[in-house]
Structures are given as structure tokens and as C-alpha cells.
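Asks:
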Amino acid sequence: MAPPHSMAAASDRAGPGPDAGAGEPSLRLRRAPSADAGDSSGGRRENGDPLPPPNPQQQPEMLYFRASAPAHRRVKESPLSSDAIFRQSHAGLLNLCIVVLIAVNSRLIIENLMKYGLLIRAGFWFSTRSLGDWPLLMCCLTLPILPLVALVAEKLIRRKLIGEHVVILLHIIITTSVIVYPAVVILKCDSAVLSGFVLMFLASIMWMKLVSYAHTNYDIRVLSKSTEKGAAYGNYVDPENMKDPTIKSLLYFMLAPTLCYQPTYPRTTCIRKGWVIRQLVKCLIFTGLMGFIIEQYINPIVKNSKHPLKGNFLNAIERVLKLSVPTLYVWLCMFYCFFHLWLNILSELLRFGDREFYKDWWNAKTVEEYWRMWNMPVHKWIIRHIYFPCIRKGLSRGVAILISFLVSAVFHEICVAVPCHIFKFWAFFGIMFQIPLVFLTRYLQDKFQNIMVGNMIFWFFFSIVGQPMCVLLYYHDVMNRQAQFGKMQGPIRSSTPTTTDGTIEA
1 MAPPHSMAAA SDRAGPGPDA GAGEPSLRLR RAPSADAGDS SGGRRENGDP
51 LPPPNPQQQP EMLYFRASAP AHRRVKESPL SSDAIFRQSH AGLLNLCIVV
101 LIAVNSRLII ENLMKYGLLI RAGFWFSTRS LGDWPLLMCC LTLPILPLVA
151 LVAEKLIRRK LIGEHVVILL HIIITTSVIV YPAVVILKCD SAVLSGFVLM
201 FLASIMWMKL VSYAHTNYDI RVLSKSTEKG AAYGNYVDPE NMKDPTIKSL
251 LYFMLAPTLC YQPTYPRTTC IRKGWVIRQL VKCLIFTGLM GFIIEQYINP
301 IVKNSKHPLK GNFLNAIERV LKLSVPTLYV WLCMFYCFFH LWLNILSELL
351 RFGDREFYKD WWNAKTVEEY WRMWNMPVHK WIIRHIYFPC IRKGLSRGVA
401 ILISFLVSAV FHEICVAVPC HIFKFWAFFG IMFQIPLVFL TRYLQDKFQN
451 IMVGNMIFWF FFSIVGQPMC VLLYYHDVMN RQAQFGKMQG PIRSSTPTTT
501 DGTIEA
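Using the UniProt record's numbering, the first residue of the sequence shown is number 1, and each one after it goes up by one.
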């Protein structure tokens, strides 16, 4: 065992030799000089130089490291004991877990490549069917017309050319068209799932932005009228956020990484071009990693599985558990690519200042905390345009939460069911099932008063049960629909045939 720092330094000063240990100042007592010697020297060395002042810390060091000094002075807990574990830093253990995780997954990747070869197909990302979805492309290019119509409606109401009820009706028609128009195009054209999902995702974002645009401008008009009548709001009303809507503010809002409209936003001073390039490279790397995991692991597992609600129950559990790890990796890569890399890239290009797109949701103790922290743009939108308006209307907090989850469930179902051409409401029920989980995890957290218990329950429902089950349900429903569609079209060989027991042939 290495000596303490003070002892090691003292040993170095003592010098080599058989009597070096005896010469250590921290292990021996110096012989006090006699009075005669002190008088004769006059506080000076033999060569006449003055003696250095005594070190006040030398005496405690000499006494502390003696053999008779006590080595145990107070009550101490082991670092991994239950009373002290949360007061310690576990950075080294975290590094160990990362090293083990990389080693284990590297072995699994090599073993998978040696056993099955490279299973990635170019058709997963680029296919002739996706390139042939020109109606979806035309729909995507014509959707921006609707925000311009919303701006015209706001201009007309500002000039008092139309009434309040008329502008509300126009905004209802505009926001409804933003969802119905792409959904009809996707369902009529029988488009590819990936192309349809991208279009519905963009349409849902535009719907939330236009709802915020209409609601915020309505509230600005109400505040302006109240201010004109003499109502005092103090510092609540910011003149910068009471400006009339312009084409410039609308275009910036439609491109900005936020769902909540306001006339002005906090802005940064410059664009870091080198930083943007580095983030784009990271985004490409993680996107490729997602594609590799999907093609090399998830697709073979689901192709050789049965419908989770049909067949053997233990077989379904085994498939769900086998899917849990790769689906979790894909979800984490998706979160990092979109919420951290892409939204920050967009913010940097637009000099958008507020970049709190997520909080530390991985530390969530309950399901409720997770939903409040993992997607801050949607959370702020729901709080601003659904939850608090319900509270102001006199509804209870529970009813407001129910309505918020209902809206979220509807749009989750639309974004998944429309591209898949299947309305089984798996996504809808999956989101609504979060409500009892909110109360369950809150009850368990209050009962155990332990951060780890609530966090482990959250991760169990999130990664072990929820996502793999949704993947299996929608995959088999899509494959069954394609098989039925192939029979209706005639004796055309299906690219992914199914057996009579529901198993997808690899």
C-alpha cells in the first residue's frame, strides 16, 4: 500500500541510506536544542544563515502517523452500504458498465454476422414504391398553403373585415384540412409505410403549430381589448409578444423547433458552422446505426414470430423479451438523433435560443414524470393549449389530464394507423393505458419512498413490455393485410409470405 502523501514527501527529504527511516521527520522526535546551543547560535545555522520558521502543520503530522496514534477515529459506513451508496460518486462503475456493454454487444454483432451474414437491404430506405409515391410528395408541397390562409384570416380580423366567429370557423376548417388532406391521400394511394409515416408526422406537427397560432392570436386580441378598456395586467403582458402577425413571424414559427407560437423568440448571436457539420455527421452515423439494428435484428425476430395475441403465451413472452433490447436501442438512437441532434441543428441554423427540448427523463420516478420531461415541445404545447384552458374552464385536474392523454392517443393512432392502413387502435389504447400507470407508479413511489423502485418500474413498462408489444402487433397486422391484399390482386407471389399459423416466413 502506498504511503500517505506527507509521509512520501518526508521520505524523499530524508534521503537514502540504512538510517533513512530513522531520519524521517514524521516518524521521529527531534532532539530539542539546549539552551546554551540556542544562546550561542542566536537562531542561526552554523554558517550564519537564519533558521527557517517552524511549520505549524509538522507537529500534527508527526503525531498522527506514529504507531501509537489511533487509526480508527469515528463511525464510518462502507461506500456501497444502503446509507452511503447515494452519497458516493459512481463514475467509475458507469465507465465499467459502458465498457462491458460495448464488449458484449460487439460479441453479439460479430456472432450475428458470422451466423446470418449482412441482412441489410437497400429497399428498406430507398425502394421503387417509395419513389413512386408522387401524390404524397405533391401533398407535402401543397400543405404550406394552409398556414398562409391562416395568416390571411388573422389579417382580416385585425382589420375588422370579418367577425370573431368567422375567424374561429376558418381556423377550424384549416386545422382539420391539415390532417384530413394527407390522410385521404395516403389511404387512396396505398403508399409505402415509411413515406406515409413521414407525411403524417409532418402534418401532425403543422396541425399543432396552427392550433397554437390561432389560439395565441385569439388570446392576444382578448388581452389587447382588455388593456384598451383599462384592465391592468402588470408585468404579465409583454409588448414584444403583443405584435400583429406578419409573414416573417409565421415563416419563422413554421420552421422553428417549437410548437408554441409567439411573435418573438430568444435568439442567439451567430451560427456555428463547424458545430453544425459535426452534428450532421453524428446524425448520419446514428441513423445508419438504427437501420443496421432494424434490418439485422428486429426484422428477423418479428418475421419468425407469431401474433402476440394468438398462439402460445410463452412463445409470445419470449419474442417480446427478445425484441426488448434492440427496440430500446433503436428508440434511444431515435431520441438522440431527433431531439438532441436534429432539433439543435435546426435551432443553430435559425439562431433559436430556447433549446430545452428534453429534460432528464431517464431519471423519472413515475410515468407522469416521464411524460412531463421526455418531449418538452409537445409538453409545453399541451400545457399551454389543452391543460390550462381546461382548468380555466372549471374542469378538475384529473379531467384535464384525461383530455390531454386523449388528444395524445388520437394523434399517436393517426400517425401509425393511417400509414399502416390498419385501424386496430393499438397505439390509442397504449397511450390511454398510461393513465392507470400514472396512478400506479405514483402510489408505489409514495409507498416505498425510493427513487430506484419507481425508476425501475418505469423502465420495465417502457422498454420491456410496451414497445416490443406494439412492434409485434402492428407488424403482424400489416403483414396479414398485405397477404389479403395480394390475394385480392390475384396470384401474385408475396415478398413476405405467411404460414397458416400466423408465422412470417424468413
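Ideal Cβ placement from N, Cα and C applies to all residues, glycine included.
Is DSSP giving F352 helix, strand or coil here?
Replies: Strand.
Asks: Taking the beta carbon of E368 as the centre, do at least 16 other beta carbons fall within 10 Å, making it buried, or is it exposed?
Replies: Classification of E368: buried, given that the 10 Å Cβ count is 16 or more.
Asks: Check R267 in the structure and name its three-state DSSP category.
Replies: Residue state, collapsed to three classes: strand.
Asks: Starting from the N-terminal side, write out each stretch of the alpha helix (DSSP H) that is 4 residues or longer and does not extend beyond the stretch 415-463.
Replies: Here the runs fully enclosed are 426-432, 434-448, 451-459.
Asks: My guess is that L210 and A150 are in contact by the Cβ rule of under 8 Å, so how many angstroms apart are they, rounded?
Replies: Indeed they touch by this definition, with Cβ atoms about 6 Å apart.
Asks: So, with DSSP's three-state summary, where would you put E164?
Replies: The answer is helix: DSSP assigns E164 an H, G or I state.
Asks: When we look at the beta-carbon of S195 and count the other beta-carbons within 10 Å, is it buried (16 or more) or exposed?
Replies: Buried: at least 16 other Cβ atoms inside 10 Å.
Asks: What's the call for A256, buried or exposed, on a 16-neighbour Cβ count within 10 Å?
Replies: Classification of A256: buried, given that the 10 Å Cβ count is 16 or more.
Asks: Under three-state DSSP, which class holds R107?
Replies: R107 falls in the helix class under three-state DSSP.
Asks: Go ahead and pull the three-state DSSP assignment for G288.
Replies: Helix at G288.
Asks: If you measure between the beta carbons of K243 and P266, is that distance less than 8 Å?
Replies: Their beta carbons are not under 8 Å apart, which means K243 does not touch P266 by this criterion.
Asks: Can you find at least 3 beta carbon pairs, one from the stretch 141-157 and one from the stretch 167-174, that sit closer than 8 Å?
Replies: Yes, since at least three Cβ pairs between the stretch 141-157 and the stretch 167-174 fall closer than 8 Å, the two stretches touch.
Asks: Taking just the CA atoms, how far does V222 sit from I317?
Replies: Near 55 Å, if we compare the C-alpha coordinates of V222 and I317.
Asks: Alpha helix (DSSP H) containing H90: first to last residue?
Replies: Note, H90: premise wrong, no alpha helix (DSSP H); not H, not E.
Asks: Is DSSP giving D219 helix, strand or coil here?
Replies: In this structure, D219 counts as helix in the three-state DSSP scheme.
Asks: Please list the terminal residues of the continuous alpha helix (DSSP H) segment that includes F313.
Replies: 313-335 is the span of the alpha helix (DSSP H), which, as asked, contains F313.
Asks: Expressed to the nearest angstrom, what Euclidean distance is found between the alpha-carbon atoms of I422 and G92?
Replies: Going from the Cα of I422 to the Cα of G92 covers about 48 Å.
Asks: Check whether the Cβ atoms of R254 and P147 sit closer than 8 Å, and answer yes or no.
Replies: Before going further, note that residue 254 is Met rather than Arg in the sequence given. Contact: yes.
Asks: Flag this pair as yes or no: are the beta carbons of residue 513 and F405 separated by less than 8 Å?
Replies: The chain is shown from 1 up to 506; residue 513 falls before or after that span and cannot be answered.
Asks: Three or more beta-carbon pairs under 8 Å between the stretch 176-192 and the stretch 284-298, yes or no?
Replies: In short, these stretches do not touch, since the Cβ pair count stays below three.
Asks: By the 10 Å Cβ neighbour count, where 16 or more other Cβ atoms means buried, how is M469 classified, buried or exposed?
Replies: So M469 ends up on the buried side.
Asks: List the whole-angstrom C-beta distance separating L259 from W381, where the pair is believed to meet the contact cut-off of C-beta under 8 Å.
Replies: At roughly 4 Å, the Cβ-Cβ gap stays under 8 Å, so L259 and W381 are in contact.
Asks: From this set, N344, S347, R372, Y297, which residue's C-alpha is nearest S324's C-alpha?
Replies: Among N344, S347, R372, Y297, the Cα nearest to that of S324 belongs to Y297.
Asks: For P326 and L119, which I take to be in contact (beta-carbon distance under 8 Å), what is that distance rounded to the nearest angstrom?
Replies: Contact flag wrong, Cβ pair sits at about 13 Å.
Asks: Under the assumption that A214 contacts V178 (Cβ atoms under 8 Å), give the Cβ distance between them as a whole number of angstroms.
Replies: Between V178 and A214 the Cβ distance is about 12 Å, and since that is not below 8 Å, they are no contact.
Asks: Near H385, what residues of its chain come up, given a Cβ to Cβ distance below 7 Å and the 5 sequence neighbours on each side ignored?
Replies: These residues qualify, in order along the chain: V211, S212, H215.
Asks: Is DSSP giving P120 helix, strand or coil here?
Replies: First, the amino acid is wrong: residue 120 is Ile here, not Pro. I120 falls in the coil class under three-state DSSP.
Asks: Any beta carbon from chain D within less than 8 Å of P147's own beta carbon?
Replies: Although the question refers to chain D, the structure presented lacks it and comprises just one protein chain.
Asks: I145 lies in the alpha helix (DSSP H); which residues open and close that run?
Replies: Its alpha helix (DSSP H) spans residues 145-158.
Asks: Starting from V302, trace the alpha helix (DSSP H) both ways and give me its first and last residue.
Replies: Where V302 is concerned, the enclosing alpha helix (DSSP H) stretches over 299-303.
Asks: Determine the direct distance from the alpha carbon of V320 to that of I401, and round the result to whole angstroms.
Replies: Approximately 30 Å between the Cα atoms of the pair.
Asks: Sorted by chain position, which residues of the same chain lie with C-beta nearer than 6 Å to A417's C-beta, five sequence neighbours on each side aside?
Replies: Taken in chain order, the residues that qualify are F423.
Asks: Does residue 520 come out as helix, strand or coil in the three-state DSSP assignment?
Replies: The displayed coordinates of the chain run from 1 to 506. Any statement about residue 520 would go beyond what the structure contains.
Asks: Evaluate T366 with the Cβ neighbour count: other Cβ atoms within 10 Å of its Cβ, from every protein chain shown; 16 or more gives buried, anything less gives exposed.
Replies: With 16 or more other Cβ atoms within 10 Å, it is buried.
Asks: On the three-state DSSP scale, how would you describe Q296?
Replies: Of the three classes helix, strand and coil, the one that applies to Q296 here is helix, per DSSP.
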